[in-house]
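Participant: Take this structure first; my questions come after.
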Amino acid sequence: MTTAHDDTKNTMTTETTVRSDLSATTLRDNVEVAEALGRRYEAGFVTDIETEYLPAGLSEDIVRQLSALKKEPEWMTEWRLKAYRHWLTMPTPDWAKLKLTPIDYQSISYYAAPKSGPKSLDEVDPKLLETYDKLGVPLHERAKLAGVAVDAVFDSVSVGTTFRKELAEAGVIFCSMSEAIREHAELVQKYLGSVVPVGDNFFAALNSAVFSDGSFVFIPKGVRCPMELSTYFRINAINTGQFERTLIVCEDDAYVSYLEGCTAPMRDENQLHAAVVELVALERAQIKYSTVQNWYPGDENGVGGIYNFVTKRGDCRGNDSKISWTQVETGSAITWKYPSCVLRGDRSVGEFYSVALTHHRQQADTGTKMIHIGKGTKSKIVSKGISAGRSSNSYRGLVKVEKGAEGARNYTQCDSLLIGKKCGAHTFPYMEVKNPTAIVEHEATTSKISDDQLFYCRSRGIGEEDAVSMIVDGFCKQVFRELPMEFAVEAKKLLEVSLEGAVG
Amino acid sequence: MSEAQRTPFVESLLEAAAQAQLPGSGIGWLDAARRENLDAFEAGGLPDSRMEAWKYTALRALGQRRFAAGDAQASARAVEMDGFALPGIEGPSLVFVNGVFRSELCRLDNLPAGLSLQPLSQALQGNAEPLRFALSRHYREGGDVFARLNAALAGDGVVLRVAAGAKVAQPVRLLFIGAPAGEAMASHVRQIIELGEGAELALIEQHVAAGVHQNLATQVTDIVLRQGAVLRHVTLQDASEGSTLVRHDSVQLDGEAHAAMYALELGGSLVRHDLHVVLAGDKSRLDTRGVFALRGRQHVDTQMSIRHEALNTASESVWRGVADERSRGVFRGAIVVAEGADGSDASLSSKNLLLSGQAEIDTKPELEIYADEVKAAHGATVGQLDERSLFYLRSRGIPLAEARAMLTAAFCRAVFEALPEDGLRDYINERLMAQLPSA
C-alpha cells in the first residue's frame with residue numbers, strides 16, 4: 078500500500094503549486110481550478126496493515142466474543158450484555174436536524190485490530206508508527222520533545238501509551254481501557270457508566286455493548302498531572318466502526334488537561350464512530366478536555382465520511398470542581414454530539430467552548446447541556462459555527478437550573494457565520510429555570526462575513542482567501558484561546574485547509 | 089388510536105361531534121374538511137411531551153377530563169357587559185358567549201365604509217365559496233391537535249374583510265366571553281380576517297370571563313394582509329381561572345404589508361397560543377410584542393414561528409414573562425430565514441422574571457437560517473430584578489416591596505409603549521398592576 082501513500086503525497090504537492098499560482102481574481106474566472114482547490118483531506122491515506130476482524134454483525138455472541146478476545150472478566154461481559162439487551166429495545170433517535178442514511182448495524186464489524194499485537198511501544202509495527210508520524214502525533218521519541226503523553230487508538234485497539242514511567246511516578250494512571258479493566262478493575266467498576274449509564278441513549282448503549290478500547294485516566298488526590306495527556310484516534314480498516322470509551326477520574330484537588338484528536342482514511346461509505354467519554358471531578362478537581370476532530374468529512378458531493386455520534390459528559394461531583402470542554406470540529410460527514418456538564422457540587426463550574434466548521438455537504442448538530450444542581454454553580458458557553466458550501470450547522474443546547482441551584486449563573490453566546498448562499502446555520506437553545514435566584518442569559522447572532530471587513534482587508538493588499546481566513550480566525554479566537562498551544566496551531570491550520578475553495 | 093386508548097377527552101369531543109348541528113353542513117367541501125380533521129383528531133388523540141411542540145405542556149390531565157358539547161343556554165345567558173368595556177374603544181364589535189354569537193350585544197350599525205364584519209354562521213348562509221380556502225385546511229402536523237378539533241367542530245366565528253384601500257379609523261373589537269354553564273363545556277371559534285391592498289385596521293381581541301368556569305375554548309384564526317396592508321392586532325387574554333384556552337393563529341403578509349401583533353396573557357389555567365407568521369412578500373414587516381404575567385398554578389405556553397420567505401423582510405419580537413407562585417411560563421420563538429430571503433433582518437428578545445421558587449420558566453429562542461445576506465439575532469434571559477435598580481429606588485425611600493412591584497410593572501409595561509390608543513394602554517397597565525405582585 079506504499080503506492081497509495083505515495084499518491085496522496087503527490088496530490089498534496091500538486092495542490093500546493095496550484096494554490097500559489099492563483100490570485101483571487103483568476104480563481105473566480107476559472108471554475109475548474111477553483112474546484113480543484115476544493116478542500117483536501119490530508120489525513121485520508123490508508124495504512125496497509127494486516128488486520129484482525131470480528132465478522133460483521135451484532136448479536137449476543139459477538140458481544141461475548143469481543144469480550145473474550147479482550148480477555149475481560151465476567152462482570153465486564155455481563156455489563157456489555159446488559160447494555161446490548163437494552164440497546165435492542167431502543168428506537169433510533171431522529172430528533173436532530175440531520176439527514177442521514179439509515180445505519181445497518183449488522184454490516185459493521187465491531188472489532189478490527191492490527192494483527193501483530195503490540196506488546197510495548199518498541200514492538201509496534203513500524204508502519205503504524207509511520208502513520209502516526211504522518212498525522213503529526215507526537216508518539217514515541219517525538220513525544221518527549223513535545224512533552225505530551227499519548228495513548229493512540231488505531232481502529233479498535235490501543236497501540237501504545239507513551240510516558241508511562243513519568244506518569245506512574247506522579248501516581249497518575251494513564252492506560253488503555255482494556256488494560257484498565259484488567260488491572261484497575263475496582264476503579265473501572267466504580268466509575269464506568271456512572272456518568273453515562275448504559276441505557277442513556279441509543280448510541281451510548283451501543284457503545285457500552287461493543288466498545289473496543291479507549292483511554293483510562295486516574296489522577297489521585299492532590300496530584301496535578303505533570304504533562305498534558307493525549308489520545309489519538311484513527312479509523313483505518315474498511316467497514317468497521319470505532320467505539321471507544323474514555324473515562325477520566327480526577328480525585329480531590331487533582332488536575333488534568335486532556336487532548337483528543339481524530340482522523341480516518343477517505344472511503345466512499347459512511348463509517349460510524351460512536352464513542353462515550355465520561356469525566357468525573359471530585360472535590361476541587363479540575364478537568365480540561367480538548368478535542369480537535371478531523372474525521373474524514375466525505376467528498377464535496379457528500380459521499381462517504383464519518384458519522385461522529387458521540388456522548389460526552391462530565392460530572393462535577395465535588396464542591397468547587399470544574400470541567401471545561403473545548404472542541405474544534407472540522408471533520409466528519411455528520412457530527413452529532415453535546416459534551417455536557419452535570420454541575421452537582423456546590424460552586425462547581427462548567428465550560429463549553431466550541432468551533433464547528435462545516436463545508437460541502439457536511440452536517441453538524443452540536444452543542445452542550447449544562448445541568449445546574451448545586452448551589453452557586455456557574456456555566457459558560459461560547460459556540461462559534463461556520464457554515465460554507467451546502468452544509469448545515471446547528472447549535473443545540475440546554476441550560477437547566479434545578480430547584481436547589483441557588484444563585485446559579487449561566488452565560489451563553491452562540492455566533493454563526495455563513496459563507497455562501499446554500500448553507501444553513503441554526504440555533505436551538507433550551508432554557509429551563511426552576512430557581513428564582515438563578516440568572517440565565519443567552520445571546521445569538523447569525524451573519525455573513527461583512528463586505529466592509531473584506532473590503533478593508535483587500536484594500537490593504539490581502540488576498541480574498543487570506544482575508545476570509547483572517548476574519549474566521551478572529552471570529553474563533555475566543556475558543557482557540559482555550560486550547561493548549563500546539564492544538565491551537567493545529568486547529569487554526571485545519572480551519573484554513575477546510576475553508577479552501579469556500580469563497581469566490 | 090384503538091378504542092382502549094381513547095381518553096375521556098377524545099371520547100367526549102367525538103360524542104359532541106356526533107350530535108353537533110353545524111352551520112354550513114350540507115356544503116360538500118366543508119363537510120369533507122370537517123370529516124377529515126375529525127378523523128385526524130380521532131386517530132392522533134392528544135400529543136404527549138415526546139412531541140417537541142408539546143415538550144413543556146403536559147396534556148395528560150386534560151386528557152382525563154370530559155367536556156360537554158357546547159352551552160345550550162348560551163344565546164340567552166345574561167351577561168353584564170360593563171365590566172368588559174375598554175376606555176376609548178367605541179368602534180364596531182362582535183360578541184360571543186361560550187362560542188355563540190350574540191347579535192344584541194354587538195355594535196354592528198353604521199359600519200365604516202370598506203369594512204365587512206359578520207359572524208361565520210351568517211357568512212356560511214350566503215355564498216360560502218370565498219371561505220373555502222381557509223375552511224378546507226387540513227392540519228397535518230401532529231401537534232396541531234386543537235386546530236383539527238376546531239376545524240371539525242367550529243360552529244361560529246368571525247369573518248372580517250377590509251376592502252382594498254379602506255382605512256378603518258376606529259379599532260374593531262372582538263369579544264369572547266366565557267361563562268359558567270353548569271358543567272365544563274367546549275366551544276370552538278373560527279376567525280377569517282383579510283385586509284385588501286393598502287387597507288388599514290386596528291383589531292382588539294378580548295377573552296374575558298363572566299364568572300368562574302372550567303370550560304375549554306379553541307380558536308383558529310387566519311389572517312391575510314394583501315400588498316401594503318397595515319394591521320395592528322391586540323389580544324387581551326383575561327380568561328377565567330380554571331379554564332383552558334387554545335389559540336392557533338396563522339398570519340400571511342404580502343409585499344410591503346405590516347403587522348403589529350400584541351398579546352397580553354393574564355388569565356386561564358392552561359393556555360396555549362400558536363402564532364405562525366409568514367413574511368411572504370418583499371419588504372413585509374412584522375412586529376410582535378407579548379407579555380405573560382402568571383400566578384397560582386397557571387400554565388401559559390406561547391409558540392411563535394416567523395418565516396422570512398421574501399426579500400428585505402423584517403421582524404422584531406419583544407416578549408416578557410413573569411412567573412410567580414407555582415406558575416409555569418413557556419415560550420418558543422423560532423425565526424426561519426428561507427433560502428433566497430436575502431436582506432432579512434430578524435431580532436427576538438425573550439426576557440423573563442422568575443419570582444418564586446415553585447415557578448418555572450422554559451424559553452427557547454430559535455434561529456434557522458438558510459440565506460447569507462441576513463441579520464439575525466436573538467437573546468433570552470431568565471433572572472430576577474436588577475439589584476442596583478432596587479437599591480436605587482430604596483435609596484430614594486421607596487420600601488422594598490413597592491420597589492419590586494414598580495420594577496416588575498415597568499419590565500412588562502415597556503412592551504406596550506408603542507400602542508397608539510391611550511385608553512387601551514392605560515387599561516393594560518391597570519390590569520398588569522392588578523395581576524403582578526403588589527407592594
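Chains as they are written, first to last, in the numbering used here: chain L, 78 to 581; chain F, 89 to 527. Ideal placement from N, C-alpha and C gives every residue a C-beta, glycine not left out.
Does DSSP classify V462/F as helix, strand or coil?
Facilitator: Coil.
Participant: Give the residues from the region 517-551 of chain L that approach chain F closer than 7 Å (Cβ to any Cβ), ordered along the chain.
Facilitator: If the cut-off is 7 Å between Cβ atoms, the region 517-551 of chain L has V517, E518, H519, E520, A521, T522, T523, S524, K525 near chain F.
Participant: Is there a Cβ of chain F sitting closer than 8 Å to that of K147/L, yes or no?
Facilitator: No, K147/L does not count as interfacial toward chain F.
Participant: Does chain L have any CB closer than 8 Å to the CB of M89/F?
Facilitator: Note that M89/F scores a pLDDT of 45, beneath 50, so its modelled location is shaky; the value from the coordinates is reported in the next line. It does not; no Cβ of chain L falls within 8 Å.
Participant: Rounded to whole angstroms, what is the Cα-Cα separation between T443/L and L291/F?
Facilitator: So the alpha carbons of these two residues sit roughly 43 Å apart.
Participant: Does the beta-carbon of L520/F, which I'm using as the reference point, lie nearer than 7 Å to any heavy atom of the ligand FMN?
Facilitator: As far as ligands go, the structure on display features none, and thus does not contain the ligand FMN.
Participant: For the region 491-502 of chain L, list every residue whose C-beta sits within 8 Å of some C-beta in chain F, in sequence order.
Facilitator: Answer set for the region 491-502 of chain L: S493, L495, I496, G497, K498, K499, C500, G501, A502.
Participant: Look at the Cβ atom of N238/F, then the Cβ atom of R278/F, and state whether they are nearer than 8 Å.
Facilitator: Yes, the pair counts as a contact, with Cβ atoms nearer than the cut-off.
Participant: Where DSSP assigns a beta bridge to L352/F, which residues make up the other side?
Facilitator: According to DSSP, which records beta bridges pairwise, L352/F is partnered with L324/F, V379/F.
Participant: Consult DSSP for L223/F and reduce its assignment to one of helix, strand or coil.
Facilitator: If DSSP states are grouped into helix, strand and coil, L223/F belongs with the helices.
Participant: I want to verify the contact list: residues of chain L whose CB lies under 7 Å from the CB of Q458/F, in sequence order.
Facilitator: In the sequence on display, residue 458/F carries Tyr and not Gln. Residues of chain L passing the Cβ test: G501.
Participant: DSSP three-state call for W407/F: helix, strand or coil?
Facilitator: Looking at W407/F - three-state DSSP - the assignment turns out to be strand.
Participant: Starting from I102/F, follow the alpha helix (DSSP H) in both directions and report where the run begins and ends.
Facilitator: Note on identity: in this sequence residue 102/F is Leu, with Ile being the wrong assignment. 96-107 is the extent of the alpha helix (DSSP H) around L102/F.
Participant: For N284/L, list the residues DSSP reports as bridge partners.
Facilitator: For N284/L, which the question treats as bridged, DSSP gives no partner whatsoever.
Participant: Reducing DSSP to helix, strand and coil, say where L175/L ends up.
Facilitator: It is coil, neither helix nor strand.
Participant: Indicate whether the contact test is met: 3 or more Cβ pairs, each with one atom in the region 155-169 of chain F and one in the region 249-258 of chain F, closer than 8 Å.
Facilitator: These segments do not touch.
Participant: Please list the partners that I449/F has in chain L, where partner means a Cβ-to-Cβ separation under 7 Å.
Facilitator: By Cβ distance, chain L contributes V510.
Participant: Could you check the C-alpha separation between V265/L and K389/L for me, to the nearest Å?
Facilitator: Rounded to the nearest angstrom, the two C-alpha atoms are 17 Å apart.
Participant: Is the Cβ of A468/F closer than 8 Å to any Cβ of chain L?
Facilitator: At least one chain L Cβ lies under 8 Å of A468/F.
Participant: Give the secondary structure of Q183/L by DSSP, where H, G and I count as helix, E and B as strand, and everything else as coil.
Facilitator: If DSSP states are grouped into helix, strand and coil, Q183/L belongs with coil.
Participant: Can you tell me the Cα-Cα spacing of G540/L and V510/L, whole angstroms?
Facilitator: So the two alpha carbons sit approximately 48 Å from each other.
Participant: For W172/L, return the contacting residues in chain F, with the cut-off set at a CB-CB distance below 8 Å.
Facilitator: Those within 8 Å of W172/L in chain F are E140.
Participant: In the DSSP assignment, what are the bridge partners of I383/L?
Facilitator: According to DSSP, which records beta bridges pairwise, I383/L is partnered with Q348/L.
Participant: Counting only beta-carbon separations shorter than 8 Å, does Q391/F have a partner in chain L?
Facilitator: Answer no: the Cβ-Cβ gap between Q391/F and chain L never drops below 8 Å.
Participant: Give the residues of chain F in contact with F564/L, contact being defined as C-beta atoms less than 7 Å apart.
Facilitator: Those do not exist, as F564/L stays about 29 Å from chain F at its closest Cβ, beyond 7 Å.
Participant: Could you compute how far the alpha carbon of D290/L sits from the alpha carbon of T489/L?
Facilitator: Between D290/L and T489/L, the C-alpha separation is close to 34 Å.
Participant: Any beta-carbon of chain L closer than 8 Å to the one on A429/F?
Facilitator: No - not a single Cβ of chain L is within 8 Å of the one on A429/F.
Participant: Can E483/L and T514/L be called in contact, C-beta distance under 8 Å?
Facilitator: Contact flag set, yes.
Participant: Ordered along the chain, which non-local residues of its own chain (more than five positions away) have a Cβ less than 6 Å from that of Q68/L?
Facilitator: Nothing can be reported for residue 68/L: it is not among the residues displayed for chain L, which extend from 78 to 581.
Participant: With DSSP run on the structure shown, which of helix, strand or coil describes M494/F?
Facilitator: Looking at M494/F - three-state DSSP - the assignment turns out to be helix.
Participant: Determine the DSSP secondary structure at M169/F, reduced to helix, strand or coil.
Facilitator: It is coil, neither helix nor strand.
Participant: Specify, as a first and last residue, the run of the alpha helix (DSSP H) that A141/F falls within.
Facilitator: Per DSSP, A141/F belongs to no alpha helix (DSSP H) and is neither H nor E.
Participant: Quick one: does T443/L have its CB under 8 Å from some CB of chain F?
Facilitator: Answer no: the Cβ-Cβ gap between T443/L and chain F never drops below 8 Å.
Participant: Short of 7 Å in beta carbon distance, which residues of its chain neighbour R535/L, apart from the five on each side in sequence? Order them along the chain.
Facilitator: The residues are E541, A544.
Participant: The alpha helix (DSSP H) spanning E541/L covers which residue range?
Facilitator: Its alpha helix (DSSP H) spans residues 541-557.
Participant: Suppose the cutoff is 7 Å on Cβ atoms and the five residues either side in sequence are ignored; what does the same chain contact list for P453/F look like?
Facilitator: For P453/F, where only same-chain residues beyond five positions count, the Cβ hits under 7 Å are G421, L436, S438, H466, A468.
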